[in-house]
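Here's the structure we're looking at; comments come further down.
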Ligand code: NI
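Numbering (this note's numbering), first residue to last: 939 to 1111.
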């Protein structure tokens, strides 16, 4: 497995609509494994293919936070939200493409998601709590949307300026 570099906002590749995965291949499964490895290494609880510069509808997640609890690596190809609750939930979100920036975002508290698993089998499940927030955040990435897009323009611009500065600093080192 390979740890991939994660793109930092602003980057045009993070704003693109990702294409559906037509057929599962060994190459795509390998990419999913690499993304899980990259996510655990970061560390993070979710990662979408556009964040490593791949414009495909593929996300990985593991929202188990308790120390010592078994991992729940979750891979979704072509994930789709098929139902969302009226009830809302607020979580303080962050993103591996926007390091060290957090903001409270309101989203449906429960969502039903349909996707293809690593074996190409269709799965459907209802998510709540942190999993529900995470899966919506990751699917947003596939549509070129970041959590800061939910913020007021001024706050978003402030964060973007910080990221431009961070990228400049990283390029220098
Ligand atoms: Ni993110």
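The beta carbon of each residue, even a glycine, is placed where N, CA and C say it ideally should be. What you are looking at is a predicted structure, and each value in this text was computed from that prediction instead of being measured.
At a Cβ-Cβ threshold of 8 Å, residue 1079 and residue 989 count as neighbours. Looking from the CA of residue 1019, the closest CA among 1037, 985 and 1063 belongs to 1063. Residue pairing by DSSP places residue 994 opposite 957 in a beta bridge.
Under the Cβ criterion (8 Å, minimum of three pairs), the segment 1031-1039 does not count as touching the segment 1003-1021. Shown here for residue 1054: same chain residues with a beta carbon closer than 8 Å to its own, the five before and five after excluded, namely 959, 962, 1014, 1015, 1016, 1060 and 1061 in chain order. If you check the C-beta of residue 1035 against the ligand NI, you find a heavy atom less than 7 Å away. Assignment of residue 965 by DSSP, reduced to helix, strand and coil, places it in the helix class. The Cβ-Cβ distance between residue 1098 and residue 948 falls below 8 Å. For residue 1091, the three-state secondary structure derived from DSSP is helix. The residue from 1065, 1002, 1070 and 1090 with its alpha-carbon nearest to that of residue 981 is 1002.
The straight-line gap separating the alpha-carbon atoms of residue 978 and residue 939 is approximately 12 Å. Rounded to the nearest whole angstrom, the CA to CA distance from residue 1011 to residue 1106 is 33 Å. The segment 1022-1062 is shown to contain whole beta strand (DSSP E) runs of 3 or more residues at 1026-1033, 1036-1046 and 1048-1054, in chain order. Between the ligand NI and residue 1079, a heavy atom-to-CB distance of less than 7 Å is present.
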